[in-house]
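Colleague: Quick one: this structure, given as structure tokens, is what I'll be asking you about.
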Amino acid sequence: MLLAGLLASVEHGLNRVLRLDSTALARLAHLEGKVIAVDCTSPALQLFILPSDEGLLLASQWAAEADCTLRAPASSLLHLALSRNKTAILHSPEVALEGDSAVLMDLAAVLQDLELDWEYELSRWIGPVATQLISGHLRSRTRWYQQGFASLNQNLAEYLSEESRTLVGQQEAQARFRELDKAKIDLERLEARFERLNRSLDPSDNA
Amino acid sequence: MFHSVAAKYDLMNDVLSGGMHRLWKRFTIELSGVRTGNRVLDIAGGTGDLAAKFSKLVGPTGQVVLADINGSMLKVGRDRLLDKGVAGNIEFVQADAEKLPFPDNHFDCVTIAFGLRNVTHKEDAIRSMLRVLKPGGRLLVLEFSSIAAPLRKAYDWYSFNVLPRIGKWVTGDAESYRYLAESIRMHPDQETLKSMMVEAGFDRVTYHNMTSGIVALHRGIKP
Chain A
6 MLLAGLLASV EHGLNRVLRL DSTALARLAH LEGKVIAVDC TSPALQLFIL
56 PSDEGLLLAS QWAAEADCTL RAPASSLLHL ALSRNKTAIL HSPEVALEGD
106 SAVLMDLAAV LQDLELDWEY ELSRWIGPVA TQLISGHLRS RTRWYQQGFA
156 SLNQNLAEYL SEESRTLVGQ QEAQARFREL DKAKIDLERL EARFERLNRS
206 LDPSDNA
Chain B
85 MFHSVAAKYD LMNDVLSGGM HRLWKRFTIE LSGVRTGNRV LDIAGGTGDL
135 AAKFSKLVGP TGQVVLADIN GSMLKVGRDR LLDKGVAGNI EFVQADAEKL
185 PFPDNHFDCV TIAFGLRNVT HKEDAIRSML RVLKPGGRLL VLEFSSIAAP
235 LRKAYDWYSF NVLPRIGKWV TGDAESYRYL AESIRMHPDQ ETLKSMMVEA
285 GFDRVTYHNM TSGIVALHRG IKP
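These protein sequence lines map, in sequence, to chains A and B. Anchor point for the first sequence: position 122 equals 127 in my numbering, and the numbering is continuous, going up by one each time. Anchor point for the second sequence: position 116 equals 200 in my numbering, and the numbering is continuous, going up by one each time.
Laid out in structure tokens, this is it:
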């Protein structure tokens, strides 16, 4: 019952978030009737996800057969949830996928493409004027922090490479890498010539 | 008695169970195994909590029948579901659980949540449910049951002292809630109900106790 209560709360919160995106529910409606089972091998835990045009239904057990089953340890599942390149993780040996994988990929795509209209939700609570003021303030703050971080990054890199000489500058490093690449190619060419010379001097080859 | 409490039935369920009835019904949905295209009968469906969920699960190709013997409850359920936009694949039928007006082998799943307790001839009702189920179909009975012994005293005190008072404050009808407490004690316990289902002809009958046995969910499969 505790797990059911927890899942009900997560489901409620998740569906509220999904409603903030203008396209998520319409895209989930295409997956209606599908059952996705997520089988966590360590710790042993099972979760069933049923998408519909109202959001997601989460269940700790489901008596009907799942259309797609994803079996993996918790670490891989977390990695899968956070990573953008899901295909690479799905091909790892500890992850097993059974059934219609397109269902899972479609669900993952919907969750990954979420663009939450938080301003609309906020305006329902505090009104449009206050929302406009707060969002304007937040946007200018965000821009200020982004510019600040970019500037700090640039200054720090310049200091470390130009003034303190702790690190090599980017141009310098690239020139050195180019030289290394050239030396590697020259070495390979020389090796190939030695090989050819060796073959031409070998009497058994000439025979 | 349900005529007097129909309008505030959901509110009372939330108040008296502390919202737990939502989790009990949620568990029932999980064990139902209902899929797209299935035909589901929800007996004593009341205000349509389960029927609304089933309607979503069976989709436009399936069918849900919400049946209740009480006209007031059925009307509240129908209005509520229509207000929520649940329509198209759902029908409302005033019917007696003992003599279900449906053909043999018709439904994939039959549920009765907090309704069997109020049926006079329970064996007849269970047999009737078996008849309308398709072979392989599931019957789910969600009902108050026998609580674990250490909690019985506190539960009895709550049932006979607190429950009727809350009922009076919210619905103005203490008698209905006194009846509720008494009918729960009269209802067969977990093992008795299980044997009744087996005797009626159900296969693989199991039950799950919830909240220390305050409620039990019985499930049987038609062979």
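All C-beta atoms, glycine included, are put in the ideal place defined by N, C-alpha and C.
#1: So A/A29 and A/V134 are supposed to be a Cβ contact under 8 Å. How far apart are they, rounded?
#2: In terms of residue numbering, what span does the alpha helix (DSSP H) encompassing A/D191 cover?
#3: Is it the case that the Cβ atoms of B/V225 and B/W108 are separated by a distance below 8 Å?
#4: Can you list, in chain order, the residues of its chain with a C-beta nearer than 7 Å to that of B/S230? Leave out the 5 residues immediately preceding and following it.
#5: Using a Cβ cut-off of 9 Å, which residues of the stretch 45 to 72 of chain A contact any Cβ in chain B, in chain order?
#6: Within 10 angstroms of the Cβ of B/Y291, are there 16 or more other Cβ atoms? Answer buried if so, exposed if not.
#7: Interface residues of chain A around B/E114 at Cβ under 9 Å?
#8: Helix, strand or coil for A/R129, going by three-state DSSP, please let me know.
#9: Cβ of B/T204 less than 8 Å from any chain A Cβ?
#10: Please confirm whether B/T290 has its beta-carbon closer than 8 Å to some beta-carbon of chain A.
#11: Taking Cβ to Cβ, would you say A/V100 is nearer than 8 Å to A/S80?
#12: Please confirm if A/E37 has its CB atom under 8 Å from at least one CB of chain B.
#13: Report all residues from its chain with a CB closer than 6 Å to the CB of B/A265; omit the five preceding and five following residues, and keep chain order.
#14: Mapping DSSP to helix, strand and coil, what is B/F138?
#15: Could you have a look at B/H271 and say whether DSSP puts it in helix, strand or coil?
#16: State yes or no: is the C-beta of B/A135 within less than 8 Å of the C-beta of B/L165?
#17: Which residues in chain A sit within 8 Å of B/L107, going by Cβ to Cβ distance?
#18: Residue range of the alpha helix (DSSP H) that A/V43 falls in?
#19: For B/F228, name the three-state secondary structure that DSSP assigns.
#20: Would you call B/H302 buried or exposed, if buried means 16 or more other Cβ atoms sit within 10 Å of its Cβ?
#21: What does the Cβ neighbour count give for A/W67, buried or exposed, with the cut at 16 atoms within 10 Å?
#22: Ordered along the chain, which non-local residues of its own chain (more than five positions away) have a Cβ less than 6 Å from that of A/H96?
#23: By alpha-carbon positions, which one of B/G143, B/F138, B/N189 ends up nearest to B/P219?
#24: With a 10 Å radius around its C-beta and 16 neighbouring C-beta atoms as the bar for buried, classify B/S139 as buried or exposed.
#25: So is B/Y261 buried or exposed if we call it buried at 16+ other beta carbons inside 10 Å?
#26: Provide the residue span of the alpha helix (DSSP H) that contains B/P248, from first to last.
#27: What first and last residue would you give for the alpha helix (DSSP H) that runs through B/A209?
#28: Hey, is the stretch 69 to 78 of chain A in contact with the stretch 103 to 114 of chain A, meaning 3+ C-beta pairs nearer than 8 Å?
#29: Looking only at its own chain, which residues have a Cβ that is under 7 Å from the Cβ of A/A212, when we skip the five neighbours before and after it?
#30: Between B/P307 and B/G221, what straight-line distance do the alpha-carbon atoms span, to the nearest angstrom?
#31: CB B/G285 to CB B/L214, shorter than 8 Å?
#32: Put A/Q66 into one of helix, strand or coil per three-state DSSP.
#33: Under 8 Å, Cβ to Cβ, is there at least one residue of chain A near B/R119?
#34: For a test of the three-state rule: what should DSSP assign to B/N154, helix, strand or coil?
#35: Is the beta carbon of B/R119 sitting closer than 8 Å to the one on A/A42?
Modeller: Quick answer:
#1: As a working note, residue 29 of chain A is residue 24 in the first sequence. As a working note, residue 134 of chain A is residue 129 in the first sequence. That belief does not hold up - the Cβ atoms of A/A29 and A/V134 are roughly 28 Å apart, past 8 Å.
#2: Residue mapping note: residue 191 of chain A aligns to position 186 of the first sequence, counting from 1. Taken as a continuous stretch (DSSP letters only), the alpha helix (DSSP H) holding A/D191 covers 175 to 206.
#3: Walking along the second sequence from the start, residue 225 of chain B turns up at place 141. Walking along the second sequence from the start, residue 108 of chain B turns up at place 24. Not a contact, by the Cβ cut-off of 8 Å.
#4: Here residue 230 of chain B corresponds to residue number 146 of the second sequence, with the count starting at 1. Here the set comprises D273, Q274, G297.
#5: When CB distances to chain B are screened at a threshold of 9 Å, the residues of the stretch 45 to 72 of chain A falling below it are F53, L55, S57, D58, E59, L62, A64, S65, Q66, W67, A68, A69, E70, in chain order.
#6: Working through the second sequence from its first residue, we reach residue 291 of chain B at position 207. B/Y291 comes out buried.
#7: What you label residue 114 of chain B is simply residue 30 of the second sequence in a count that begins at 1. A9, F53, A64, S65, Q66, W67, A68, listed in chain order.
#8: By 1-based counting over the first sequence, the position of residue 129 of chain A is 124. Correct three-state label for A/R129: helix.
#9: Numbered from 1 along the second sequence, position 120 holds the residue referred to as residue 204 of chain B. With 8 Å as the cut-off, B/T204 does not count as an interface residue toward chain A.
#10: Position 206 of the second sequence holds residue 290 of chain B. By this cut-off, B/T290 is not an interface position.
#11: For this step, residue 100 of chain A is matched to residue 95 along the first sequence. For this step, residue 80 of chain A is matched to residue 75 along the first sequence. Taking 8 Å as the Cβ cut-off, A/V100 and A/S80 do not qualify as a contacting pair.
#12: Position 32 of the first sequence, counted from the start, is the residue given in the question as residue 37 of chain A. Yes, A/E37 lies at the interface with chain B (some Cβ there is under 8 Å from its Cβ).
#13: Residue mapping note: residue 265 of chain B aligns to position 181 of the second sequence, counting from 1. So the qualifying residues of the chain are S243, F244, L247.
#14: Translated into the one-based positions of the second sequence, residue 138 of chain B becomes position 54. Residue state, collapsed to three classes: helix.
#15: Position 187 of the second sequence, counting from 1, holds the residue named residue 271 of chain B. Correct three-state label for B/H271: coil.
#16: Taking the second sequence and counting its residues from 1, the one referred to as residue 135 of chain B is at position 51. Taking the second sequence and counting its residues from 1, the one referred to as residue 165 of chain B is at position 81. Cβ atoms of B/A135 and B/L165: closer than 8 Å.
#17: Residue mapping note: residue 107 of chain B aligns to position 23 of the second sequence, counting from 1. Here the neighbours are M6, A9, G10, A13.
#18: On the first sequence, position 38 is the one that residue 43 of chain A refers to. It is not in any alpha helix (DSSP H) - A/V43 instead sits in the beta strand (DSSP E) that spans 41 to 45.
#19: For the purposes of this step, residue 228 of chain B is taken as the residue at position 144 of the second sequence. Of the three classes helix, strand and coil, the one that applies to B/F228 here is strand, per DSSP.
#20: If you number the second sequence from 1, residue 302 of chain B lands on position 218. Its Cβ being crowded by 16 or more others within 10 Å, B/H302 is buried.
#21: Here residue 67 of chain A refers to the residue found at position 62 of the first sequence. Buried.
#22: Locating residue 96 of chain A in the first sequence gives position 91, where the first residue counts as 1. Closer than 6 Å at the Cβ level, and outside the excluded window around A/H96, lies no residue.
#23: As a first step, residue 219 of chain B must be located in the second sequence, where it is residue number 135. Nearest in C-alpha terms to B/P219, of all of B/G143, B/F138, B/N189, is B/N189.
#24: Here residue 139 of chain B is taken as the residue at index 55 of the second sequence, counted from 1. Looking at its Cβ environment, which holds 16 or more other Cβ atoms inside 10 Å, B/S139 is buried.
#25: For the purposes of this step, residue 261 of chain B is taken as residue 177 along the second sequence, with counting starting at 1. So B/Y261 counts as buried.
#26: What you label residue 248 of chain B is simply residue 164 of the second sequence in a count that begins at 1. Per DSSP, B/P248 belongs to the alpha helix (DSSP H) from 247 to 255.
#27: Here residue 209 of chain B refers to the residue found at position 125 of the second sequence. That run of the alpha helix (DSSP H) goes 206 to 216.
#28: yes
#29: Locating residue 212 of chain A in the first sequence gives position 207, where the first residue counts as 1. Legend: pLDDT at A/A212 = 48, less than 50; position of this residue unreliable, no value from coordinates given.
#30: Counted from its first residue, the second sequence places residue 307 of chain B at position 223. Counted from its first residue, the second sequence places residue 221 of chain B at position 137. As the crow flies, the alpha-carbon of B/P307 is around 8 Å from that of B/G221.
#31: On the second sequence, residue 285 of chain B is found 201 positions in, with the first residue counted as 1. On the second sequence, residue 214 of chain B is found 130 positions in, with the first residue counted as 1. A contact, by the Cβ cut-off of 8 Å.
#32: Position 61 of the first sequence holds residue 66 of chain A. Assigned with DSSP and collapsed to three states, A/Q66 falls in coil, not helix or strand.
#33: As a working mapping, residue 119 of chain B is identified with position 35 in the second sequence. Judged by the 8 Å Cβ criterion, B/R119 is in contact with chain A.
#34: The sequence position of residue 154 of chain B within the second sequence is 70, counting from 1. If DSSP states are grouped into helix, strand and coil, B/N154 belongs with coil.
#35: Here residue 119 of chain B corresponds to residue number 35 of the second sequence, with the count starting at 1. Here residue 42 of chain A corresponds to residue number 37 of the first sequence, with the count starting at 1. The answer is no: Cβ separation not under 8 Å.
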